[in-house]
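Residue numbers (this note's numbering): 10 to 214.
Note that beta-carbon positions come from the ideal geometry of N, C-alpha and C, so glycine has one too.
If you're wondering where the values come from, they're calculated on a predicted model, not measured in any experiment.
See below for the structure under consideration.
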């Protein structure tokens with residue numbers, strides 16, 4: 010397995026290849042979702058943070074590798090993915106983005122892994138928001154969706170007793186806030202060009 014250090018000139022290419030190797034065959038729907046998240050992240054980065062494009066797109070490709078056979082360990086996919094990435098030499102920043110994406114801290118509390126997740130820094134600011142936005146605005150098939158549709162799909166697919174669903178009582182407002190912050194920045198920066206047809210809580214995004 011190649012180290013990301015060997016691919017330092019283009020880390021998002023390494024991230025893409027790693028995610029494909031881990032997800033495409035054993036978890037094709039998870040791979041489809043990942044591809045959609047990475048596409049959305051690249052679109053957002055090119056508009057809002059071109060200097061951080063590789064970091065955001067790398068995190069998007071890698072955010073769900075913790076579901077993969079051989080990577081999954083604790084059952085908290087964000088933690089398992091981040092630990093794997095740290096072992097193979099990925100930057101602490103990308104590991105932190107993966108570890109804490111989309112409200113993972115509340116899920117960790119539900120399953121008794123909060124201390125373990127705290128091994129990784131919760132990266133603040135636009136990068137965090139952009140990764141959450143890209144994840145929450147992408148359906149399981151990789152297609153653009155709305156935040157409300159995505160949340161309903163999570164509840165339906167997982168059921169009321171799943172820790173991710175129970176954690177929504179804590180983190181749903183944080184998820185909505187991240188999506189809205191990115192939505193506002195996109196509207197302010199590209200009021201005419203950014204028109205994906207998706208909606209955030211009744212607003213275009």
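- Taking a C-beta distance under 8 angstroms as the contact criterion, residue 172 and residue 97 do not qualify as a contact pair.
- Counting the other CB atoms within 10 Å of its CB gives residue 138 a total of 16 or more, which places it among the buried residues.
- One Cα belongs to residue 163, the other to residue 174, and the distance between them is close to 7 angstroms.
- One thing to note: residue 91 has its Cβ within 8 angstroms of the Cβ of residue 107.
- When only Cα atoms are considered, residue 33 and residue 39 end up about 8 angstroms apart.
- In the pairwise beta carbon analysis, the segment 127-144 is classified as touching the segment 182-189: at least three pairs are separated by under 8 angstroms.
- Counting only runs of at least 4 residues, the segment 55-136 fully encloses the following alpha helix (DSSP H) elements, listed from N- to C-terminal order: 62-71, 86-96, 101-108, 113-120 and 123-126.
- In the three-state reduction of the DSSP assignment, residue 172 falls in the helix class.
- If you ignore the 5 residues before and after residue 170, its C-beta comes within less than 7 angstroms of no other C-beta in its own chain.
- Residue pairing by DSSP places residue 147 opposite 153 in a beta bridge.
- If you draw a straight line from the Cα of residue 64 to the Cα of residue 116, it is about 24 angstroms long.
- Excluding the 5 residues flanking it on each side, residue 129 has same chain C-beta neighbours closer than 6 angstroms at 91, 104, 105 and 108, in chain order.
- Short of 8 angstroms from the beta carbon of residue 62, and not among the five residues preceding or following it, lie these beta carbons of its own chain, in chain order: 21, 51, 54 and 55.
- Looking at 37, 44, 46 and 178, the one whose alpha-carbon comes closest to that of residue 118 is 178.
- Counted as a single uninterrupted DSSP element, the alpha helix (DSSP H) harbouring residue 20 occupies residues 20-32.
- With fewer than 16 other Cβ atoms from the protein chains shown falling within 10 Å of its own Cβ, residue 127 counts as exposed.
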